[in-house]
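Residue 785 in this note's numbering sits at position 763 of the sequence shown; the count goes up by one each step and never skips. Structure first, then comments.
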Amino acid sequence: MSSVPDRGAFVGRAAEISALRRAYHDESVHTLLIAGEPGLGKSRLVTEFTSRLGSDVLVLTGRCPEFGPSGMPFAPFVMIMRVLVRRIGVDELTALLPVARPALARWLPELATRTGAAEPESDRIRLFGEILTVFEQLAISHPLVLVLEDLHWADDSSRDLLAFLIANLTQRDLLLIGTYRPTGSEPLRRLVTGLRRDPGVRVLNPEPLTKHEVGRQLAAVLNREPEPGLANRVFQRSKGIPLFVEALGRALQEDPDRVPADLSDLLLGYQAGLPEDARALLRLAATAGSPVRAGLLESATDLPDDALHLALRRLTDQRLLHATDTGYEFRHSLIRDAVYDDMLPIERKRLHTRLSQVLLAEDTLHAGDRRMGELAYHAYAAGDLPHALVASWGAVTESEGAQGERVQQLDRVLELWDRVPDAARLIGADRLTVLERIVEACFHGSIVERGVTAADEALDLMDAAAAPERAARLYYYRAGLENQSSSGSVDDLTRALELLPAQPPSVLRGEVLAALAASRVFNGDADGAARDARAAVDLAEQTGTPALAARGYAYQGLAAVAGNGSAVAYFEQAHAAADDPQTLLTVVLWESAALVAAGEYQAAIDAIQQGLRAAHETFSFADAGPILLVKWAQALAALGRWPEALGLIDESLTEQLPPLSKAALLLCHARIALAQGSSAAATSSADAAAELLSDGPWARQYQLQLHTARTDIAIADGQSGRAREIVAEALAAGDLITYHHEVWPLLASAAGIADVDLASTADRLPVTTAVDTAYRSVFTATRDNDPATWHKAVSTWRTIDQRYDLARSLLGAAQAELAVGNRAAAREPLREAAEIAAELRMPPLTDAAEQLAERAGVTLQVTRPEPLKQPPRTFGLTPRELDVLRLVARGLSNRQIAAELFISGNTAGVHVSRILTKLGAATRTEAAAVARKHGLIEPD
């Protein structure tokens, strides 16, 4: 017979513990999410795993309270940071922070005392960056495991911070573990669905206990082997859920002949044998929510100190509560729910009243205090609507919370408005002001539907003539919200502009003009966009608003591109005006797209590299990085720097990229592969891109690029009928003028296909850039086979240095010259085409040039590139890994390496791991020593 396990023994879960250990030791894994229904033992599993880690591993745990969105923003992370201060001290924490007056000082009064109050302009990104820096710096000195419990109750701010950390974690020896109920939260489910695409994220789904494991747990609870058949009955009843197995075992101990039929009764059995003082304290803790601050629990109870301490000891000994660094929490939320639900409504109301009174009596409570949300919850539950109203309004001023949480509190204010007499006097604001705050929060939080509804109601209440600026701001916000849903915004912006006087100059009028300029650019009104953008810049200069000026200049650049002008000077001014990394990043995102469309590729690359640095500085690489990487690959490909482009594409495709960005990179790869003679590789990339493209408007430009790629592949494979079908399908759309930059390449590719009506489309397409001009020349020259038109195309491609298309047009010019018998005029373009084809290693074009020369009797004197040299011994390190190794030897962190090489932190971490493996080194220092010994890097 097996020995009886201890009552608190951990039963089963060998596979899950092994999976946790594998994830911990796998350097590619930075996040492990554990999903399971209530009572399955997720927290116990994590506790057991972390207890088996070495003593050098720092484990920090935070729990999401059941208040959810109504509670304190960032609750689990605040808990972790407070625990950390107690573990390492405020001086060591200060040394880990990158700034003198950290935003974290708002969370930690002791830190504020040491460093001074947080900078007034500290924003969420700065706060997030500080937290990330603290965790990564900690992980450098010793392994770190962060545990976030009950993520299904996470508030919006905590989910945002969680997503930020997962997207930006780069440090080895740092593992984030989260537990959640898969059916508990729709926002969390959406987040987890997105996180699953990250190769550094693993999701573990523990199974219920087997019948044998239930028997072993039951033996531990009963302290004896269960009778025959009992384990099977408990297994059937509990479904293998450990918490229910334990509760059933306890019930059997109390009365072997009676097992509660109701689950709540079963869980209430944990209170058996408790004296009334302990039961009363348990009910108070259940009402306060889990976890509960020790100070709040102590202040709200009527028990004297000795009785309180004895009751707490009984509750912890009976494993109903357990102590945390900041207070107490229920061993399991289901027990808390059972205790709370077992109370009569009048009992719950009395306890909520007591808790709200204690919170109101705290001297430090003020508007914007993190406890205001807690007070609003208890006052509302107590039926104290005036205090609930005031507390909800006070919670709105919490500067660090997510906009969604602000909207929830403001909606609570509106819900109570007609139920609380004199509500406007109590909060010092009228209903219209509350609606304005809702619209503002929705605008900044991209909460479209609620924001538009609130704006509609506010504008109905408002007399625009009496308060023109307030009305204009509402129109401006509503325009921005409607623009996010692609329903247009020009009418509201025009109305806002009409309401705002030109004098005195105002920032709001400048913002409206800038928004109008952006709308007009995308509606094809280049002149109107330029006019509004200039006016926005003038107002920015008058009001001293550099960020507005930077965007105004950027919109002038976009308008210049749309009007067939040069954008470079405008973007140079935008760069000069951008006085912070976030504004610079915004400028570069517009600039890179405009310059690539205009054919100013080297300028685009320079801007993109600046933007990638700014993305690292602002911890925005996950959002902005994919867009910039796509534009960088497109610019490199256009310039014929194909080895660089292919390296960038391969490296980027290992990232967690949005589907649209992956599709764009695959299409870029398809074009290069086809030019280099691999129709199969081009087809594979094009097909993979097609799987990623949706039917939405943001994907439309890439759908047209896909049509062009497939047309080129069909032509290369000799499938003219297939090419004709693809072109006909593409040209049947009604939005070709809007996407004329993408349509011109398609027309140029299709120009040689017989029996396709292309002229009607070409006649109505605008030409707004040098690239458009070149493709139109190729289209016309292919149709007419006119040498002069071919030479015009050659001239344009040469000006913008688009090497592949230059070579194709040179070959076309040579063919046209030979067709009219001008062999001498054909010789030079034919030679240059063959030389570029050899340089770019394009066998199809090389063969075409040589065959044409042979038929025409023209001797080609082509300077061919030197064959690739055999590299010296590098331990299998790629050129990129050698770049990374040089930076590792300089002592740079993964994040610093990423910024230096314009890659993501995750990619830098992957390169470092591969380098250590290939060099057989255990540490970065050892890798640097091996590299110097074998001449892989220059010695110091």
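Built from N, CA and C at the ideal position, the CB exists for glycine as well.
**Item:** Option nearest D513 by Cα separation, candidates P523, E369, A501
**Value:** A501
**Request:** Report yes if the C-beta distance between Q578 and A599 is below 8 Å; otherwise report no.
**Result:** no
**Request:** Pick helix, strand or coil for F32, following the three-state DSSP scheme.
**Result:** coil
**Asked** Is L244 helix, strand or coil when you go by DSSP?
**Response** helix
**Prompt:** G84 by DSSP, collapsed to three states: which one?
**Reply:** strand
**Request:** Tell me, to the nearest whole angstrom, how far the beta carbon of G11 is from that of T53; I am working on the premise that it is less than 8 Å.
**Result:** Because the chain in this structure spans residues 23 to 962, residue 11 falls outside the shown range and cannot be described.
**Message:** Please report the straight-line C-alpha distance between A721 and P680, rounded to a whole angstrom.
**Reply:** 12 Å
**Asked** What's the C-alpha gap between I919 and G718?
**Response** 36 Å
**Message:** Tell me the rounded alpha-carbon separation between P313 and D347.
**Reply:** 11 Å
**Message:** For the pair the stretch 155 to 166 and the stretch 897 to 905, tell me if three or more CB-CB distances fall below 8 Å.
**Reply:** no
**Message:** Taking only three categories from DSSP, how would you classify E960?
**Reply:** coil
**Asked** How many angstroms separate the CA atom of I39 from the CA atom of L67?
**Response** 7 Å
**Message:** Could you tell me which whole alpha helix (DSSP H) segments of length 4 or greater appear in the stretch 665 to 735?
**Reply:** 681 to 697, 701 to 714
**Prompt:** Since L198 sits in a beta bridge, which residues does DSSP pair it with?
**Reply:** T53, L168
**Request:** Report buried or exposed for H409, applying the criterion of at least 16 other Cβ atoms within 10 angstroms of its Cβ.
**Result:** buried
**Message:** Can you tell me whether K227 is buried or exposed? The criterion is at least 16 other CB atoms within 10 Å of its CB, across all chains shown.
**Reply:** Looking at the sequence shown, residue 227 is not Lys but Asn. Result: exposed.
**Asked** For the 8 Å Cβ check, are there 3 or more pairs between the stretch 172 to 186 and the stretch 207 to 222?
**Response** yes
**Residue environment, G931, which counts as buried when at least 16 other CB atoms sit within 10 Å** = buried
**Prompt:** DSSP beta-bridge partners for Y350?
**Reply:** V314, A345
**Request:** Quick one: grab the DSSP three-state call for V361.
**Result:** helix
**Asked** Given that a residue counts as buried once 16 or more other Cβ atoms are within 10 Å of its Cβ, and exposed if not, what is V842?
**Response** exposed
**Length of the line joining the Cα atoms of R305 and Y362** = 7 Å
**Request:** Please name the residue in G879, I449, A951, T896 whose C-alpha comes closest to that of V910.
**Result:** A951
**Asked** Can you tell me where the beta strand (DSSP E) with R224 in it begins and where it stops?
**Response** 223 to 226
**Message:** Just to confirm my understanding: we take P91, look at its own chain, exclude 5 residues before and 5 after, and list those with CB closer than 8 Å. What are they?
**Reply:** Below a pLDDT of 50, predicted positions are generally treated as unreliable, and P91, at 49, falls in that range; the measurement from the model is reported next regardless. Counting only Cβ-Cβ distances below 8 Å, and skipping sequence neighbours, we find D177, D178, G426, E427, Q430.
**Request:** Rounded to whole angstroms, what's the CA-CA distance from V380 to T565? Just pull it up for me.
**Result:** 47 Å
**Asked** Which same chain residues, not among the five before or five after L436, have their C-beta less than 7 Å away from its C-beta?
**Response** V456
**Asked** In three-state terms, what does DSSP make of G426?
**Response** helix
**Request:** Take G699 and list the residues in its own chain whose beta-carbon comes closer than 8 Å to its own, dropping the five residues that flank it on each side.
**Result:** M864, P865, P866
**Message:** For the pair the stretch 241 to 251 and the stretch 214 to 228, tell me if three or more CB-CB distances fall below 8 Å.
**Reply:** no
**Option in D827, D823, V461, V816 with minimal Cα separation from A835** = V816
**Request:** Figure out for me which residue from T232, M94, V51, G957 has the closest Cα to the Cα of V33.
**Result:** T232
**Prompt:** What is the DSSP secondary structure of Y997, reduced to helix, strand or coil?
**Reply:** In the structure as shown, the chain begins at 23 and stops at 962. Residue 997 is therefore absent and cannot be evaluated.
**Prompt:** Among D757, L758, L828, A736, which has the Cα closest to the Cα of I748?
**Reply:** A736
**Message:** I need the DSSP call for S414, collapsed to helix, strand or coil.
**Reply:** helix
**Neighbour-count burial assignment, Q678, 16 or more Cβ in a 10 Å radius** = buried
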